[in-house]
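In UniProt numbering, the protein residues as written are 1 to 703.
Cβ coordinates follow ideal geometry from the N, Cα and C atoms, glycine included.
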C-alpha cells in the first residue's frame, strides 16, 4: 500500500517537477560550457568499460551511436578530503539529485551507505524507470552499470580527486548508448533526453559542491564524444523515402526539361585560398582547428537564373584537396554555401540577394561534430557592393579579390570566425565543362551530415548529374541516343555501392600474390621539345583520355557518367563479351595534372584512374595517362592495371570469366592502345587538312 501511494504521489509531482526543471535549464543548464572530449578517440562499443552480471545492459546491447560524457566541477574551500566527499555523496544520492525529475530508491542492499552489489531504481518522468547496480567502488569513486529496462546501456562513474591548487575536482563520466529506439530518438535525434540528462548531472555537480562546504570555481564543464557504430546506420524510413522520392523525381524532371542542372546552371570559376586560424575552442575538425592555408577553386552562381536586376539566391561552392595519409593520394573536399540569414531561424532559410557583397553565405543544412550540430558560413566583406550578375562579378574580380570571413556556429549559438577566404580572378565561365560538386561524395573530414535532408542530398545529386550531363563532355551520355532504362537505374544506384576491394591494402605498382599487374605504353605522334603545344598530339590525347574515347566500342558499348573525371565520380559501362551484356560500375579514384621528374627527365602528365565497385566482374584499379617528355618532345599513352577476378555466385559467369576473362582483359588493353594512336593521328590529320584549306583560302583572297 505504501509503495503504491508513493508512486501516485510521484506521478502527481512530475508535471510540477518538469516545470521546475525546465525553468532551471533555461536559467542555468543550457548555458553550461560544452566541448568535444577528443577527436576520434572513442573506443568501439564492445571495448567500453563493462562489468558482467545478471541483468546488466552493457553498451553492446544498446542501439544507436556511442557516447562518452564528462561533467566536471572545480571546488575550492572545502574541508573534506576526496574519500570523505565521495562517501558523503554515496550515503544519500538524493541529497545531490534534482528530485523534481530523478529520485534514487535503493531496491537491494541493507546498509545505508553505498556498497558493491547494491541496486537502485532511478524514478524519472516518462516511460522509463532506470535500474542500476553498483559494480565498482574505490576510496574516491563508485560506478553504476545499467540494468535491463534502463533508457541507456552502459556505465557511469562518480569520482572525486584533488585539484591542482589544493581544491577538489568532482567528475561524473559515462560510457553508454541508448537502451532502445525510443530512447535513441529522444536523446540522439530530438535531443530532449540529452538536455534533461545535462540538467540532471549539472545540478548534481552543483549540489555536490554545496555538500562539500566549498564553492564552485568557474563553471561546470561538459565534454562529449560521439561515434557511430559501424553497421548500425539507419536508412531513411517511410517518410524519409517519400521525401527522397519527391526531391529526386522533381529535380530530375526539371533537369530533363531544361537539359541542364535545374539550379545554379551558370557560374564563374575562380581561384580560392582558405587561410585558417582556428577558433576559441577545439572542435576536433581539421578545417575548424588547423592553422594552415588551403588552395582550390570556387564557383559563384545564381540559383534560378533570374534577370540580374531581380534578387536571386546566390551560391558559393568551394573545392580543395587534402592529402590522405593512408593512401598518399589527394582527397577532394566540397563545401556548398548559399545566401541565408544569420539569425537562429534565418540561418536555416535561403535568402535572395541582389549583390555579391556584403552578404552572408551559409551551409543551410547542419553537420554533426561530436554530439553538437554546427553550420558553416562565409561573410562577404563590405563596403564593396558588386551587383549580382556574372558579368559585373567577373569584371570586379579582375580589379581586386573578393574577401570573406569564414564562420562556424552551433544551431543556436553565436557565429565565430575561423578563417579567411580569398577569391581572385580572372574568372572563367564553366559552360563548356561545368564543375560538378557533390559534398556527399567529397565530405569535409570530421564533419558528418546531420538530418533528413542531408541524407537524401546524395541520391538527389547523383540523379540530377545523371540526366543533366555537361554540354561539352563527349564522354557523357548524349541524350540523342536512347539509354536503356535498366542502365539508368543501375547508374542511379552506384552511389550506394562500395569499392569491392581496399586500395590501402595493396601496392598497386608492384606484384601482389593473386593479382595481375599489366603495364602498356603506346607511342603517339611527337611534338617539338618543351611544353605541350596547343592542338598538338598531347592535347588531343588528353581529350581522348578524359572522355574515355580510346575504349573499343566493340567491347564497351555505352558509357554513362555525369561529366569529366573527378575524384569520387561514378561511371557505368555497358560491356559486351561474346554477345552477353554486363553493367560494370566504377568510381574515379584520382586525377593527375602535373609535371613529374623521372631519372632526371621532366614530363608533362595528365591522367586519371578508376576503381571497381561491388558487382563488377573484376577487382582493382586502372590508370590511364598521357605523357610528354619535355626534353625530347616524345608523347606516349600509358595504361597501368592492377586487377584480379571478382567473386560471383553465377556459375556461368564464373566459368566464362575463368576461361576467357584474362584473354578479354589483354585484348581490351591492346586495342585501347592501338585505338588511341589511330584516333590521335586521325584528329591531327583533320586539323592539318583544315589548316591547309584555310591557308589556301586566305592566299586566294589576297591574290
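When you compare only the Cα positions, how much space is there between residue 438 and residue 65? Start at 1 with the first residue of the chain shown, and residue 438 comes out as number 438. Start at 1 with the first residue of the chain shown, and residue 65 comes out as number 65. Going from the Cα of residue 438 to the Cα of residue 65 covers about 26 Å.
Can you say whether residue 400 is buried or exposed, counting buried as having 16 or more other CB atoms within 10 angstroms of its CB? Here residue 400 corresponds to residue number 400 of the chain shown, with the count starting at 1. With fewer than 16 Cβ atoms within 10 Å of its Cβ, residue 400 is classed as exposed.
Give me the Cβ distance between residue 74 and residue 163, rounded to the nearest whole Å; I'm assuming they're in contact under 8 Å. The residue labelled residue 74 in the question sits at position 74 within the chain shown. The residue labelled residue 163 in the question sits at position 163 within the chain shown. About 6 Å; that satisfies the 8 Å criterion.
Find out if the Cβ-Cβ distance for the pair residue 491, residue 642 is shorter than 8 Å. One-based indexing of the chain shown puts residue 491 at position 491. One-based indexing of the chain shown puts residue 642 at position 642. Taking a C-beta distance under 8 Å as the contact criterion, residue 491 and residue 642 do not qualify as a contact pair.
Could you give the C-beta distance for residue 135 and residue 143, rounded to a whole number, given that I count them as a contact under 8 Å? Here residue 135 is taken as the residue at index 135 of the chain shown, counted from 1. Here residue 143 is taken as the residue at index 143 of the chain shown, counted from 1. Indeed, because the Cβ distance is near 6 Å, the residues count as touching under 8 Å.
The region 502 to 518 touching the region 632 to 647, judged by at least three CB pairs closer than 8 Å: yes
Mind checking whether residue 321 and residue 416 have CB atoms under 8 Å apart? By 1-based counting over the chain shown, the position of residue 321 is 321. By 1-based counting over the chain shown, the position of residue 416 is 416. Not a contact, by the Cβ cut-off of 8 Å.
Separation of residue 145 from residue 110, as counted between CA atoms: Taking the first residue of the chain shown as position 1, residue 110 is located at position 110. Taking the first residue of the chain shown as position 1, residue 145 is located at position 145. Computed Cα separation, rounded: 19 Å.
Which residue wins for smallest C-alpha separation from residue 707, given the options 380, 639, 119? It is not possible to answer for residue 707, since the shown part of the chain is limited to 1 through 703.
Which value, in whole angstroms, describes the spacing of the CA atoms of residue 168 and residue 379? Within the chain shown, the letter at position 168 stands for residue 168. Within the chain shown, the letter at position 379 stands for residue 379. When rounded, the separation of the alpha-carbon atoms in residue 168 and residue 379 is 44 Å.
Look up residue 638 in the DSSP assignment and say whether it is helix, strand or coil. Mapped onto the chain shown, residue 638 falls at position 638. Residue 638: strand per DSSP, three-state reduction.
In the DSSP output, which residue or residues are listed as bridge partners for residue 571? Position 571 of the chain shown, counting from 1, holds the residue named residue 571. Answer is 561, 586.
Indicate the three-state DSSP secondary structure (helix, strand or coil) for residue 67 in the structure shown. Your numbering for residue 67 matches position 67 in the chain shown. Here residue 67 sits in strand by DSSP.
Can you name, in chain order, every residue of its own chain whose Cβ lies under 8 Å from the Cβ of residue 29, other than the five neighbours on each side? Taking the first residue of the chain shown as position 1, residue 29 is located at position 29. With a pLDDT of 47 at residue 29, under the threshold of 50, the modelled position of that residue is not reliable, and the figure given next carries that caveat. Excluding positions up to five away in sequence, the list reads 195, 198, 199, 202, 203.
What are the boundary residues of the beta strand (DSSP E) that includes residue 344? Taking the first residue of the chain shown as 1, we reach residue 344 at position 344. Where residue 344 is concerned, there is no enclosing beta strand (DSSP E), given that its DSSP letter is neither H nor E.
Cβ-based burial, residue 361 [other Cβ within 10 Å; buried from 16]: Indexing the chain shown from 1 puts residue 361 at position 361. Residue 361 is buried by the Cβ-count criterion.
Spatial neighbours of residue 418 in its chain, beta-carbon cut-off 8 Å, leaving aside the 5 residues before and after: By one-based count along the chain shown, residue 418 stands at place 418. Around residue 418: 276, 277, 278, 279, 287, 288, 406, 407, 408.
Distance check for residue 359 and residue 588, CA to CA, integer angstroms please. Numbered from 1 along the chain shown, position 588 holds the residue referred to as residue 588. Numbered from 1 along the chain shown, position 359 holds the residue referred to as residue 359. About 35 Å.
What residue range is occupied by the uninterrupted alpha helix (DSSP H) comprising residue 488? By 1-based counting over the chain shown, the position of residue 488 is 488. Residues 485 to 492.
Give the secondary structure of residue 429 by DSSP, where H, G and I count as helix, E and B as strand, and everything else as coil. Start at 1 with the first residue of the chain shown, and residue 429 comes out as number 429. Looking at residue 429 - three-state DSSP - the assignment turns out to be strand.
So, for residue 165: in the same chain, excluding its five sequence neighbours on each side, which residues have a beta-carbon less than 8 Å away from its beta-carbon? Against the chain shown, residue 165 aligns to sequence position 165. Taken in chain order, the residues that qualify are 76.
DSSP three-state assignment for residue 104, whether helix, strand or coil: Working through the chain shown from its first residue, we reach residue 104 at position 104. Annotated three-state conformation of residue 104 is strand, per DSSP.
Return the bridge partner residues of residue 645 from the DSSP annotation. Counting from 1 along the chain shown, the entry for residue 645 is found at position 645. Partner(s): 618.
Taking the Cβ atom as the reference point for each residue, do residue 353 and residue 388 lie within a distance shorter than 8 Å? To locate residue 353, count along the chain shown from 1; it is residue 353. To locate residue 388, count along the chain shown from 1; it is residue 388. Yes, Cβ-Cβ distance for residue 353 and residue 388 is below 8 Å.
Quick one, are the C-beta atoms of residue 732 and residue 370 less than 8 Å apart? A question about residue 732 goes unanswered here, because the residues of the chain that appear run from 1 up to 703.
Using the Cα positions of residue 422 and residue 316, report the straight-line distance between them to the nearest angstrom. In the chain shown, counting from the first residue as 1, residue 422 sits at position 422. In the chain shown, counting from the first residue as 1, residue 316 sits at position 316. C-alpha separation (whole angstroms): 12 Å.
Rounded to the nearest angstrom, what separates residue 788 and residue 339 at their Cα positions? The displayed coordinates of the chain run from 1 to 703. Any statement about residue 788 would go beyond what the structure contains.
Would you kindly work out how many angstroms separate the C-alpha atoms of residue 597 and residue 627, rounded to a whole number? In the chain shown, residue 597 corresponds to position 597, counting from 1. In the chain shown, residue 627 corresponds to position 627, counting from 1. Straight-line Cα distance between these residues: approximately 11 Å.
Look up residue 271 in the DSSP assignment and say whether it is helix, strand or coil. On the chain shown, position 271 is the one that residue 271 refers to. Strand, per DSSP.
Identity of the residues DSSP links to residue 750 by a beta bridge: Here the chain covers residues 1 to 703 and nothing more, so residue 750 does not appear.
Please check the pair residue 679 and residue 550, which I expect to be a contact at CB under 8 Å, by giving their CB distance rounded to whole angstroms. Reading the chain shown from its first residue, position 679 is the one you call residue 679. Reading the chain shown from its first residue, position 550 is the one you call residue 550. Correct: roughly 7 Å between the Cβ atoms.
Put residue 477 into one of helix, strand or coil per three-state DSSP. As a working note, residue 477 is residue 477 in the chain shown. For residue 477, the predicted structure reports a pLDDT of 38, less than 50, and the residue's modelled location is therefore unreliable. A value from the coordinates is still provided. Residue 477 falls in the coil class under three-state DSSP.
Which residues does DSSP list as the beta-bridge partners of residue 201? Locating residue 201 in the chain shown gives position 201, counting from the first residue. According to DSSP, residue 201 bridges with nothing at all.
Buried or exposed: where does residue 312 fall if 16 or more other Cβ atoms within 10 Å of its Cβ makes it buried? If you number the chain shown from 1, residue 312 lands on position 312. Under this definition residue 312 is a buried residue.
Considering just the uninterrupted stretch of the beta strand (DSSP E) at residue 519, what are its terminal residues? Here residue 519 refers to the residue found at position 519 of the chain shown. Its beta strand (DSSP E) spans residues 516 to 524.
Please classify residue 731 as buried or exposed, where buried requires at least 16 neighbouring CB atoms within 10 angstroms. This structure cannot settle anything about residue 731, because the visible part of the chain is limited to 1 through 703.
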